[in-house]
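Enquirer: Residue numbers (the working numbering): 263 to 497. Mind having a look at this structure? Questions to follow.
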């Protein structure tokens, strides 16, 4: 199914209220994520592992689709983890090889020091024929600095200092500590060179599907992509 401009407008409108009405944004994103996966696999009865779980809206949508949803995060205070989740790190998933049907990871990659290792772990725990849904915000995108954006384009440390001065407290996401400078090229290189997966989709997550062609243009893709989506099938 080709996704067009209408979907992108809906997602970006929801994004505008992320800070004031997070349930609107995350609810919209969770529904969209389940719809994307439902095009490729059956969620009803599937065991879904959400690596880097956060808002409870994802738990609601996956469970409404009939999935056994297992959230995992290093922070025990995360709402979805408090509701029957697992406390662990993405780099050392406490699950057996091939033990889940779908691994879902939304906006985690930029928050781990060894993102390729975390992605390898996701592939390890998914069964042959199962899916890995991996999406992340790259550093040079307009939102790459998260709450310090777009000032991160002038330097991550400078953006943190500016935010702290303006807000009176440091940002939640601190560059090189809890937020890392991942690139679109980095994710594409990992996926294309991993012999254990088949790449089913590689495109900007929030943009119309036709925007996938921008991934062919080094440099430009780092600015335009905003958030890279990879959907992979375990061989």
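Note that CB positions come from ideal geometry on N, CA and C, so glycine has one too.
1. Please report the residue range of the alpha helix (DSSP H) in which residue 426 lies.
2. By the 10 Å Cβ neighbour count, where 16 or more other Cβ atoms means buried, how is residue 260 classified, buried or exposed?
3. In the structure shown, what three-state DSSP assignment does residue 304 receive?
4. Give the C-beta separation of residue 394 and residue 494 to the nearest angstrom, bearing in mind that I take them to be a contact with Cβ-Cβ under 8 Å.
5. Between residue 358 and residue 336, how many whole angstroms is the CB-CB distance? I'm expecting something under 8 Å.
6. With burial defined as no fewer than 16 other Cβ atoms inside 10 Å of the residue's Cβ, what is the status of residue 317: buried or exposed?
7. Could you check which residue in 300, 340 and 305 has the C-alpha nearest to that of residue 313?
8. Is DSSP giving residue 390 helix, strand or coil here?
9. Go ahead and pull the three-state DSSP assignment for residue 337.
10. Nearest to residue 435 by CA position, among 354, 328 and 369, is which residue?
11. In whole angstroms, give me the CA-to-CA distance for residue 326 and residue 304.
12. Is residue 461 helix, strand or coil by DSSP?
13. Can you tell me whether DSSP reads residue 288 as helix, strand or coil?
14. Please classify residue 276 as buried or exposed, where buried requires at least 16 other C-beta atoms within 10 Å of its C-beta.
15. Between 375, 400 and 302, which lies nearest to residue 364 when the distance is taken from Cα to Cα?
16. Do residue 321 and residue 342 come within 8 Å of each other at the CB atom, strictly closer than that value?
17. Of all the options 387, 329, 346 and 328, which has the alpha carbon lying nearest to the alpha carbon of residue 352?
18. Buried or exposed: where does residue 380 fall if 16 or more other Cβ atoms within 10 Å of its Cβ makes it buried?
Expert: So, from the data block:
1. 418-429
2. Absent from the structure is residue 260, since the part of the chain shown begins at 263 and ends at 497.
3. coil
4. 4 Å
5. Between residue 336 and residue 358 the Cβ distance is about 20 Å, and since that is not below 8 Å, they are no contact.
6. buried
7. Ranking the options by Cα distance to residue 313, first place goes to 340.
8. Strand, per DSSP.
9. The answer is coil: DSSP assigns residue 337 none of H, G, I, E or B.
10. 369
11. 13 Å
12. strand
13. Helix.
14. buried
15. 302
16. The criterion of a C-beta distance shorter than 8 Å is satisfied by residue 342 and residue 321.
17. The shortest C-alpha separation from residue 352 is found at 387.
18. buried
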